[in-house]
Each structure stands twice: as structure tokens, then as C-alpha cells.
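In the working numbering, the protein residues as written are 697 to 1036. Glycine included, C-beta positions come from ideal geometry on N, C-alpha and C. None of these values were measured; they are calculated from a predicted model. To keep things clear, I will list the structure first and then write my remarks on it.
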Amino acid sequence: MKRQHCIGKTVCLVITGIFILGGCGRQKQEIPESADKEYAVETEETEQTEETEQTEGTVQAEGTEQDDIVQDDTISEPETVEADWAQYFDGLNGAAVLYDPSAMRYTVYNRELAQTRRSPCSTFKIISSLAALESGAIDPDDSLRIWSGETFWNEDWNHDMEFQEAFRVSCVWYFREIIDEIGQETMQRELDRLQYGNCDSSDWEGRQNTNNSNRALTGFWIESSLLISPQEQTEVMERIFGENSAYSQRTLDALRQVMLTEQEETEITVYGKTGMGKAEGVVVDAWFTGFAERAEGPLYFCVYLGRTDGKTVSSAAAKEIAVRLVADACCGLLPEADQN
């Protein structure tokens, strides 16, 4: 009996041990499983948070960059203000534009007329000279062209001529020959590159000009297909002579030399070209356009005079007005302009 009792006690101990070990085994398995799940959730949340922060940082950086670009575009756009310069024109129907790159400002008198396209006439000699110098059609040191012997109305044109004199006396037959040597395809590319008004050279021969039928004195730039506004003239001057000019220094130096105006000694130097066109014997377009060099940097300008009944309209008058405006602008004597 005693032996059976010991055996029974032993069996009970073994069974109890099995239950204890089994429970511990289940507990041992359940704890790591729970910990693994919590660890996985925590890791996933951390990765998502880091990914979100990185994405937000990228978006913010891109947004900042885009904002900067937009802001730069806004800053780089010049402002336009209007001024009353009627006192300079003395009753003449005209317009004037000054562009100051250092202030990023266009100042305009008679805005409607300043944005009206008209024939450039002899101011286009700036462009034909530019194209000829750049392409090699004109060599300033070897630019002689032989006079045909035809007697023209301007006595200054009736002899053989070189580039510098031809520009100074605005000799039409000389530049008609030069433009033909350049050719329409090359000239059209230059017009397009400069965004020169309507860029229309279609009337190459100048047959639309009813004021003159002499082929040596006609062309698309004289009361014909090519048109440009006073403000566009000023913009073209800046494209040619500004800091982003696409032209060689040799070309620009040669062009500056022929555009230099005779004037009294001042703190500014004025470069420009006159132009004048008629219809039925009456002056309908008169110009002076160019730029001035001064301590603050270049100042680009254009003065235009249209037909004015009872008044003498001429390119000489346009030049006089322009020089006065530029001189007063450089001295701070111009009437204050109104913000547009």
C-alpha cells in the first residue's frame, strides 16, 4: 500500500510538471509574438513618418524654387510710366520713349503714338549697317562703293562713297546696294532676331512707296512694308547695344563710331540716326533714335514726329528734341512721370 501510494504521488507530480511546462511554453511563444507585432507596427509608423518628412521637405524645396522663379520673372519685367513732355514738342504731333535699364523703366510721352507702327525710313540704316558689318558685306577699312553717275536730289550723294560718309549723309543709293548684297534671306533673319516691328521685308523693291519710283532710292524700309513703333525702336536699340547683345564687339564699335553725334562737351555721349519719309510730297514720318552713354549706364531713346499741319516736321527737329530730352533726363530736369 505504501509503495502504491508513492507511485501515485510520483505520477501526480509528473502530470503537474507537464501542465506547468506546457503553460510556460505557451507563454514563452505568445510574448515574442506580441512583441514582434508591436515592433513591426512601431517600425512601419517610423518609416512612414520619415518618408512623409522627406516628401514634405522635397515639396517645400521645390515650392520655394518655383516661388523664386516667379519672383525673378516679376522683378525682371520693366515698368512703364507716362510723362507730359509737350513743352519739348512745341505743338508738333509726336511721341518720345526713354528706356533706363538701371531703373528698369520706360518713360513714355504720348503713349498711343509711341506704340503705333510707322515706316522706319533712314533709321533702318542702323540695322542694315549692323547686318552688313556682322556678315562682312561692309569692311569699314574697305567700304568704297562707286557712284553710278546719276544725279540725285541730295548733292552729298553724287560721288563715290565709303561707309562712314554714307551713314553720315544718309545716302540711300549706297545702302540700297548694301542691302541687296546682304540679301533678303539674311536680312529677314536679322529682322526676326531683333524682333524689329512687324519684321516685314516682303516689299523688297519698295514698290509700295508712291513718293518715289527710282529703284536706287526705294526699299521695304522707306514708306513700304516694314513698320515699327517708337517704343519698339527703343527696345531694338537695347537688344543691339545692351549687355546681352548677340553681336561682335568689332561690329558694335564700328556702329558706335558712325552713330556718334556732333555735340558740345557734356557728361553724356549721344549716338543715333535720323530718318524721314514723305507721302505726296509731305513729311509724314520723322525720327531720331539711339542711345546715350552716361555715368549711370546707357539710356536708350526714340523721338518720333508725325504729320502736323501748319508745322515744319523734320528729322532735324526730332533730333533736337531727343538731345534735349536726354540731356535733361541725365541732369534730373525732366518733369516727373506718373506711375502707370
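For T776, the secondary structure class from DSSP, reduced to helix, strand or coil, is strand.
In the three-state DSSP reduction, C998 falls in the strand class (E or B). The DSSP-derived three-state label of A1014 is helix. Taking G973 as the centre and dropping the five residues before and after it, the same chain places the C-beta of S815, C817, I918, E919, V980 and D981 closer than 7 Å to its C-beta, in chain order.
Residue T812 holds the alpha-carbon nearest to the alpha-carbon of N789 among R889, T812 and I936. Excluding residues up to 5 positions away in sequence, R1003 lie with their Cβ nearer than 8 Å to the Cβ of V978 in the same chain. Put simply, of R801, S772, A991 and W900 the residue whose alpha carbon is nearest the alpha carbon of E873 is W900. For F937, the enclosing alpha helix (DSSP H) stretches over residues P926 to F937.
Annotation for T847: no beta strand (DSSP E) segment contains it, and DSSP assigns it neither H nor E.
Note that the C-beta distance between N894 and L922 is below 8 Å. At a Cβ-Cβ threshold of 8 Å, I1017 and F820 do not count as neighbours.
If you check the CB distance, A1013 and L1029 do not come in under 8 Å.
Between Y996 and F987, the CB-CB gap stays under 8 Å.
When secondary structure is reduced to three states using DSSP, M800 falls in the coil class, being assigned neither helix nor strand.
According to DSSP, residue pairing for T962 in a beta bridge does not occur. Rounded to whole angstroms, the separation of the alpha carbons of P836 and Y802 is 34 Å.
DSSP places W781 outside any alpha helix (DSSP H), giving it a letter other than H or E.
Under the three-state reduction of DSSP, E886 is assigned to helix. Note: F987 is bridge-paired with Y967 and Y996 in the DSSP secondary-structure output. With respect to the 8 Å criterion, S844 and E858 are not classified as neighbours on the basis of their beta carbons. Nearest in C-alpha terms to D1005, of all of C1027, G787 and Q783, is G787.
Inclusion of L826 and Y943 in the CB contact set at 8 Å is warranted, their separation being smaller than that value. Contact check for S909 against I875 fails: the beta carbons are separated by 8 Å or more. Apart from the 5 residues on each side of it in sequence, F863 sits with its Cβ closer than 7 Å to the Cβ of K821, S825 and V954 in its chain, given in chain order. In the structure shown, the three-state DSSP call for K821 is helix. A residue is called buried once 16 or more other Cβ atoms fall within 10 Å of its Cβ, and S772, having fewer, is exposed. CA-to-CA, the gap between A799 and E939 works out to about 15 Å.
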